[in-house]
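Colleague: Counting the sequence shown from 1 gives a position; my numbering is that position plus 19.
Beta carbons are placed, not taken as given, at the ideal position from N, Cα and C, and that holds for glycine.
First, the structure itself, so that you have it in front of you.
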Amino acid sequence: MRGPVPLGVAVSAAADTSLAPEGRTRLVVIGDADFASNQYFAQQANGELFLGSVSWLTEDEDRLTIADKQPAFNPINLIGNQGAVILWVSVFIVPFAVALSGMVMVLRRGYQTYADGFVSWLVYTFWGNAMFFFISGIIATSEGAIFEGEVKLIAALASAAIGYGLYRHAAWAWQSGLVFAVLCAGVVALTIFTGASLGFSLIPNETVQLIYAAVFVVNAAILVWIKKVFVQEEQA
Numbered sequence: 020m021r022g023p024v025p026l027g028v029a030v031s032a033a034a035d036t037s038l039a040p041e042g043r044t045r046l047v048v049i050g051d052a053d054f055a056s057n058q059y060f061a062q063q064a065n066g067e068l069f070l071g072s073v074s075w076l077t078e079d080e081d082r083l084t085i086a087d088k089q090p091a092f093n094p095i096n097l098i099g100n101q102g103a104v105i106l107w108v109s110v111f112i113v114p115f116a117v118a119l120s121g122m123v124m125v126l127r128r129g130y131q132t133y134a135d136g137f138v139s140w141l142v143y144t145f146w147g148n149a150m151f152f153f154i155s156g157i158i159a160t161s162e163g164a165i166f167e168g169e170v171k172l173i174a175a176l177a178s179a180a181i182g183y184g185l186y187r188h189a190a191w192a193w194q195s196g197l198v199f200a201v202l203c204a205g206v207v208a209l210t211i212f213t214g215a216s217l218g219f220s221l222i223p224n225e226t227v228q229l230i231y232a233a234v235f236v237v238n239a240a241i242l243v244w245i246k247k248v249f250v251q252e253e254q255a
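Okay, here's the thing in structure tokens:
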């Protein structure tokens, strides 16, 4: 015969009350013959249960306890530029491909159907940019960088004014918005590729800077595409 052999034992005896004056005794029954020696001893906490049972029987503890199983720490190690590749694919390439396919569908249908939605997007992004420059200017001024703070506050006013002009479909807002969007994207691109600090102290992360630049590149493309909306308003 091979392997462990199950063995059943029947015992009939009076309870030993020398250690338990109340007349109660403890008994642990495990129905697996190789419970403490099989491959699941460590994987399924068999070992902890066995040791806890022995401790409960010998030390007169109130409860049979099993230690919490700690999961193994298996970090993902990336070699070389694998992290950068995953970042670009997941954050930029795949979303850009999805957005590009949607943009192609929109272009085939014409801009008239989506003009109002695009104008709303432009208004909100320019107003959000105005808030960003305003907060950045206040911080720069409080730190003693007066000139930098004043430049950012002027940029905040310009962005807010362009957002309002886009909301009113003003022709001047189209030209100003296009120039401003190109400047914002260009400044961030110079900050990333040259390493020069050009006033984007609130965007220290390069990934966030890329997203910021991408937003205003998209804004510039939208402004070029829906130019007729503002031309029609000017003619009217």
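1. What number of angstroms, rounded off, separates the C-alpha of VAL237 from the C-alpha of ASN65?
2. In angstroms with no decimal places, state the Cα-to-Cα distance between ALA134 and ARG187.
3. When the Cα atoms are used, what is the spatial distance from PHE235 to GLN89?
4. For the structure I just gave you, are there three or more beta carbon pairs, one from the stretch 167–174 and one from the stretch 134–153, closer than 8 Å?
5. Can you tell me whether PHE92 is helix, strand or coil according to DSSP?
6. CA-CA distance, PHE249 and LEU209?
7. Could you spell out the range, first to last residue, of the alpha helix (DSSP H) harbouring ASN100?
8. Determine the closest residue to GLY156 out of TRP140, SER139, VAL142, ALA174, with distance taken between C-alpha atoms.
9. Would the beta-carbon of LEU141 fall within 9 Å of that of GLY102?
10. Beta-carbon separation of LEU185 and ALA192 under 9 Å?
11. Taking Cβ positions, are LEU197 and LEU229 nearer each other than 9 Å?
12. What is the residue span of the alpha helix (DSSP H) that ILE158 lies within?
13. Between which residues of its own chain and ILE245 is the CB-CB distance below 8 Å, once the five residues before and five after are set aside?
14. Taking the alpha-carbon positions, what's the GLY218 to PHE92 distance?
Modeller: On the basis of the data shown:
1. Along the sequence shown, read from residue 1 onward, the residue named residue 237 stands at position 218. Along the sequence shown, read from residue 1 onward, the residue named residue 65 stands at position 46. Taking the straight line joining both Cα atoms gives about 59 Å.
2. Walking along the sequence shown from the start, residue 134 turns up at place 115. Walking along the sequence shown from the start, residue 187 turns up at place 168. Each residue's alpha carbon lies about 13 Å from the other.
3. Reading the sequence shown from its first residue, position 216 is the one you call residue 235. Reading the sequence shown from its first residue, position 70 is the one you call residue 89. Answer to the nearest angstrom: the Cα atoms are 47 Å apart.
4. Here the stretch 167–174 lies against the stretch 134–153, with 3 or more beta-carbon pairs under 8 Å apart.
5. Your numbering for residue 92 matches position 73 in the sequence shown. Correct three-state label for PHE92: coil.
6. Position 230 of the sequence shown, counted from the start, is the residue given in the question as residue 249. Position 190 of the sequence shown, counted from the start, is the residue given in the question as residue 209. Approximately 31 Å, taken between the alpha carbons.
7. Start at 1 with the first residue of the sequence shown, and residue 100 comes out as number 81. Bounds of any alpha helix (DSSP H) do not take in ASN100, whose DSSP letter is neither H nor E.
8. Counting from one through the sequence shown, the residue named residue 156 turns up at place 137. For GLY156, the nearest C-alpha among the options comes from ALA174.
9. If you number the sequence shown from 1, residue 141 lands on position 122. If you number the sequence shown from 1, residue 102 lands on position 83. Cβ distance not < 9 Å, so LEU141 and GLY102 don't count as in contact.
10. Taking the first residue of the sequence shown as 1, we reach residue 185 at position 166. Taking the first residue of the sequence shown as 1, we reach residue 192 at position 173. Yes, the pair counts as a contact, with Cβ atoms nearer than the cut-off.
11. Taking the first residue of the sequence shown as 1, we reach residue 197 at position 178. Taking the first residue of the sequence shown as 1, we reach residue 229 at position 210. Taking 9 Å as the Cβ cut-off, LEU197 and LEU229 do not qualify as a contacting pair.
12. Your numbering for residue 158 matches position 139 in the sequence shown. ILE158 -> alpha helix (DSSP H) spans 134–161.
13. As a working mapping, residue 245 is identified with position 226 in the sequence shown. The beta carbon of ILE245 sits closer than 8 Å to the beta carbons of TYR130, ALA134, PHE137, VAL138 from its chain, once the five residues preceding and following it are set aside; these are given in chain order.
14. Walking along the sequence shown from the start, residue 218 turns up at place 199. Walking along the sequence shown from the start, residue 92 turns up at place 73. Note that GLY218 scores 49 on pLDDT, short of 50, meaning its location in the model is unreliable; the coordinates nonetheless yield the value given after this. For GLY218 and PHE92, the gap between their C-alpha atoms comes out near 41 Å.
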